[in-house]
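Just so you know, we're using the numbering used here here: the sequence shown kicks off at 4 and counts up by one. Note sheet for the following structure.
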Amino acid sequence: MTGDLYSRFAASFEAHADRIFVEEDARRWTYAEVEAATGRLASRLAALGVLAGERVLAQTDKSVEALIVYFATIRCGAIYLPLNIDYTESEIEYFATDATPVLAVCRETSRTLFGRVAGGRLKVTTVAELFAQLPVEKLPPVPRAPDDIAAILYTSGTTGKPKGAMLTQANLASNGEMLIDFWRFSPEDRLIHALPIFHVHGLFVAVHCVLFSGASIVFLPKFEADKVLALMPQSTVMMGVPTFYIRLLADPAFTREVASHMRLFVSGSAPLSADIHRAFEQRTGHRVLERYGMTETGMLTSNPYDGERRAGFVGPPLPGVELRVAELESGTVLPQGEVGIVEVRGANVFKGYWQMPEKTASEFRPDGYFITGDMGFIDADGYVQLVGREKDLIISGGLNVYPAEVEALLDDRSDVAEAAVIGVPHPDFGEAVVAVVQPIGHFDGDAMRDAMRKDLAAFKVPKTIIALDELPRNTMGKIQKKLLRERYADLFAEASA
Ligand code: MCA
Ligand code: AMP
């Protein structure tokens, strides 16, 4: 059954035609209505040159129509490339040049910007414009092979340029198919969707679980605790990053009764602390189901649906996922219980990085295992615990920030001699980005932060910039980030009191 992703969509559109698929504000779309809009939009896209294998760049506000742009791109046999709405011109310039898309779908306010990036070669449109000119004819789905690319999602790296992870038709179809069984999705489910739709979590995991199972989804533009709480008594599932659960717990209106109709709360993208896990159970009687995944691999491990959902653990590997722990340098597989680098293999693992064969090769072992960059161990019951990251990565509110990118921007400034960017514990975001700089001349951290917003998405901008006369270094002259992390570990502790 798995293979061509659109065939999987089509099977659900047909099987559940009259059921509600998605709700947004007062508007409800049945499966048949979404299918019809998808087919007609695909005709429109094809007329704009969106042919099999071409890339469609999307930087759009969250809406059902924006989701249909994704479905229609897949129906055209083309490759969907979603971008964080927060990305700035210099970030977009890179993606638009690297991915050579044939079409960009953007916000009305970003038209001019998209018109000038990539040498002005891009065709630019908006969701509203596309939907204002829908042809009557539906484009028949363009068949694709399982190994053809369905989507490219960019992830930054410890060094160098962001990499476009190529996810195939089979990667996405197989991961979704497996998850609906594992998490017991059925047409009776109604999922609260407060995540963005430009990441694997909100786009593929949440949307495919609903679509593949004939369930329904309620679209919220973003996470707002009161809106989520209002939906809970008529809903059954929520997927979120730990910040969602932290914010729900901070709201006294979140009670056992409000949560009583829900059957499943899933958490991922960042570590859910054992304290939050326990506080959640105490408040609601539900144990959050924590799972672990990556853009490059989709979902990898999950705590069980029926068995013990263990606080602080991400659970055993999901069906079809081979997972092992190895020594980083040698690749030697380590015995159970020992901490090492987590490596994975399976139908869910991506095809490689767009036009980066060497980078791709360096992140796989010769026997096909992908090196995740996460450190962890497998316990005696087969549960995986992640204990840290080998990659220099900060995860803030479920969003990845690579210090190297922020440091490069600071180092380029004439008023900064050198910068070190670290993640420190934060009560709301889990980790917060903090920059420690050695300034040249007058120092104004707020002005520096403001200036950075031009080049950097808001979530990557340091929450604070600290000035030091000298950055701590080891005998080799390397900045001691560990020491800085320790020194500033309590920077945001106050806010949680
Ligand atoms: C917003 N800001 C942030 C973040 N989000 N800063 C740091 N980290 C963030 N995550 C900035 C805003 O621009 C604003 O800055 C200030 O922080 C306060 O914003 P706030 O109103 O609190 O933000 P929000 O709009 O409520 O958003 C917080 C959020 C959101 C709900 C946690 O970031 C979110 O939905 N995160 C989920 C991301 C996600 O889907 N991750 C999955 C990717 P200023 O005031 O200075 O402008 S990982 C993935 O897909 C893998 C496969 C996986 O395993 O799931
Ligand atoms: P991304 O590149 O945005 O897909 O982020 C993937 C990374 O998020 C993984 O490599 C992990 O470091 C992290 N991650 C995802 N889920 C979890 C989790 N449940 N616990 C800890 N880290 C997680």
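C-beta: ideal position from N, C-alpha, C; glycine also. Keep in mind the model is a prediction, meaning the values are calculated, not measured.
Check	Outcome
Nearest-angstrom beta carbon gap, alanine 168 and arginine 299 [assumed within contact, 8 Å]	A small correction: the amino acid at residue 299 is glutamate; arginine does not occupy that position in the sequence shown. Rounded, the Cβ-Cβ distance is 5 Å, consistent with contact.
Buried or exposed (CB count within 10 angstroms, at least 16 for buried), threonine 115	exposed
Alanine 314, DSSP secondary structure in three states	coil
Start and end residues, alpha helix (DSSP H) containing serine 93	92 to 102
For threonine 129, three-class secondary structure by DSSP	strand
The ligand MCA heavy atom lying under 7 Å from the CB of threonine 298	yes
For alanine 329 and leucine 337, believed in contact at Cβ under 8 Å, the rounded distance	6 Å
Valine 201 vs glutamate 26 beta-carbon contact at 8 Å	The residue asked about is misnamed: residue 201 is phenylalanine in this sequence, not valine. No. Outside cutoff.
Identified DSSP bridge partners for cysteine 212	Paired residue(s): none; cysteine 212 is not in a bridge.
Any non-hydrogen atom of the ligand MCA within 7 Å of lysine 230 CB	no
Leucine 389 CB to nearest heavy atom of the ligand AMP below 7 Å	yes
At least 3 beta-carbon pairs within less than 8 Å: the segment 310 to 320 vs the segment 169 to 184	no
Buried versus exposed call for tyrosine 372 [16 or more other C-beta atoms within 10 Å across all chains shown]	buried
Nearest-angstrom Cα separation, counted from glutamate 96 out to proline 475	35 Å
Distance, serine 159 Cα to leucine 86 Cα	12 Å
For leucine 300: DSSP bridge partner residues	Looking at the sequence provided, one finds threonine at residue 300 rather than leucine. Partner(s): none; threonine 300 has no beta bridge.
Proximity winner among Ser15, Ile249 and Leu331, relative to glycine 217 (alpha-carbon distances)	Ser15
Histidine 429, enclosing alpha helix (DSSP H) - first and last residue	From DSSP, histidine 429 is part of no alpha helix (DSSP H) but of the beta strand (DSSP E) over 419 to 429.
Cysteine 109 versus Ser66, Asp309, Pro146 and Tyr34, residue with shortest Cα-Cα distance	Ser66
Between the CA atoms of alanine 228 and proline 236 - distance to the nearest angstrom	14 Å
Where methionine 297 falls, given that 16 or more other Cβ within 10 Å makes a residue buried	buried
Sequence ranges, alpha helix (DSSP H) only - wholly within the segment 50 to 81, length at least 4	67 to 78
Own chain residues within Cβ distance below 7 Å of threonine 41, not counting five before or after	Ile71, Phe74, Ala75 and Arg78
Through-space distance from alanine 209 to tyrosine 248, alpha-carbon basis	17 Å
Backbone CA spacing between alanine 99 and glutamine 62 [nearest angstrom]	11 Å
Leucine 223 beta carbon near the ligand MCA (any heavy atom closer than 7 Å)	no
Own chain, CB closer than 8 Å to lysine 354, minus 5 neighbours either side, in chain order	Asp150, Ile152, Met169, Leu170, Thr171 and Asn174
Glutamate 92 versus lysine 457: straight-line alpha-carbon distance, rounded	8 Å
Short Cβ contact (8 Å threshold) for valine 427 with valine 439	no
Reference leucine 125, options Phe134, Gln136, Val105 and Ala131, closest by Cα	Val105
For asparagine 178, the first and last residue of its enclosing alpha helix (DSSP H)	172 to 185
Own chain, CB closer than 6 Å to alanine 20, minus 5 neighbours either side, in chain order	Tyr34 and Ala35
Given 8 Å, three or more beta-carbon pairs between the segment 374 to 388 and the segment 280 to 292	no
Closer than 7 Å: serine 276 CB and nearest the ligand AMP heavy atom	no
Proximal residues to leucine 156 (C-beta, below 6 Å), its chain only, five neighbours per side dropped	Ala168 and Thr298
Backbone CA spacing between tyrosine 295 and glutamine 388 [nearest angstrom]	10 Å
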